[in-house]
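Have a look at the structure below, then the notes.
Residue numbers (my numbering): 3 to 405.
Below, the structure written as structure tokens:
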């Protein structure tokens, strides 16, 4: 038995620090591990050698700053994680390993009027199909990250009011999927997962304070503060779509008037163009037409950008993020929407906050949320299983570790 404060206990703690750093980053050089963990270079070198001999990590030659280095990542067969993303009209699933490599990914249409039970049955079928296609061992599943388009109560895990997937309100998504797959499931709303995805794999890499703005059927924000997703005590932080822009404006689904969502979300924006462009419009098509020079679509997208910029300016004044990442179909409009966002931020934000802010399009497109679900599963799994060399168990306790 290890005694707290003993050499063996300290060594075990250092092993876990190194494994955690590599697990969350995907791969790190030994110098980066030393900076991240605060351990000495000699200690890191010895620990990496021990982990490599035990088959926990893989070490490959690389370069850093023009000098030879060694890149450390978790072994490709150490375990797998699964990401599941439910959207307004889609279901997307991805399987990845602990080295942050995506092994398989697939998306299929989802009937917005489908019941939650039907949705989770579809998710189970798609997960099973991808597992069989990749040939991975189900006993290697360390956890599942699940994204849903609505607020999740932090304490109960219950999905709050959502007009995006009618009939799902009051369900417990993690519990539902856990019962079908028999492995730990961790759930969050899609905007938070988009922020995680962009922070780990996309436009938010290297930034510890950012906001991911997703504009689709609704408008939401995933907030990252000091490297961690901020959810608030009730799990509803980031509802930027319900900032009031005009208290005499259109009635929002939340019951208030003139929310940002009523000026930016697809359900409110698309009708503005239907008389001239037909009723089969999608935001994706509007963006494509705008990029091709359509004046009406360009005007609507610019207006949406200015409205989003007003909401971003409020975020700047309150939280002072260093980066805002725009996700969803609207991000494909590039400077047609990013320019107006920056214009509004420059007008309404505190000058010092506006100067420090960069506004970028998401790098992951529609994959941001499902990759964020993978990142969530990676962040929530524990390190003891990897060090003990045993298969992940559905009953194993997990400890949040995303930093």
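Each residue gets a CB set at the ideal place from its N, CA and C atoms; glycine is no exception.
This one's a predicted model, so the numbers in the text were calculated from it and none came from an experiment.
What are the boundary residues of the alpha helix (DSSP H) that residue 296 is part of?
-> First-last for residue 296: undefined, no H or E at that position.
For residue 234, which residues from the same chain have a beta carbon less than 7 Å from its beta carbon, with the 5 sequence-adjacent residues on both sides left out?
-> none
Are the Cβ atoms of residue 94 and residue 327 separated by less than 8 Å?
-> no
Going along the chain, which residues of its own chain have a beta-carbon closer than 6 Å to the beta-carbon of residue 216, five neighbours each way excluded?
-> 193, 196, 222, 329 and 330
Going by Cα to Cα distance, which pick from 16, 47, 69 and 108 is closest to residue 124?
-> 108
Span of the alpha helix (DSSP H), counted from its first residue to its last, around residue 374 | 370-382
Run through DSSP, which three-state label would residue 171 get?
-> coil
Residue 402, buried or exposed, once every other Cβ within 10 Å from all chains shown has been counted against 16 | Any reading at residue 402 must be qualified, since the residue scores a pLDDT of 31, below 50, and its modelled position is unreliable; the value itself is stated next. So residue 402 ends up on the exposed side.
Mind listing, in chain order, the continuous alpha helix (DSSP H) runs of no fewer than 4 residues lying wholly within the segment 224-278?
-> 263-266 and 268-271
Which of helix, strand or coil does DSSP assign to residue 404?
-> For residue 404, the predicted structure reports a pLDDT of 32, less than 50, and the residue's modelled location is therefore unreliable. A value from the coordinates is still provided. Correct three-state label for residue 404: coil.
Residue 339 to residue 287, Cα distance in whole Å?
-> 15 Å
For chain B, is any of its Cβ atoms less than 8 Å away from the one on residue 207?
-> Looking for chain B here will not work: only one protein chain is present.
Output the distance between the C-alpha atoms of residue 379 and residue 82, rounded to the nearest integer angstrom.
-> 9 Å
Alpha carbon to alpha carbon, how far is residue 99 from residue 80?
-> 8 Å
Within 8 Å, strictly: CB atoms of residue 325 and residue 212 | yes
Ignore the nearest five residues each way along the sequence and tell me which others in residue 278's own chain have a CB closer than 7 Å to its CB.
-> 298
So is residue 352 buried or exposed if we call it buried at 16+ other beta carbons inside 10 Å?
-> exposed
Taking C-beta to C-beta, are residue 364 and residue 315 nearer than 8 Å?
-> no
Would you check if the distance between the CB atom of residue 150 and the CB atom of residue 161 is smaller than 8 Å?
-> yes
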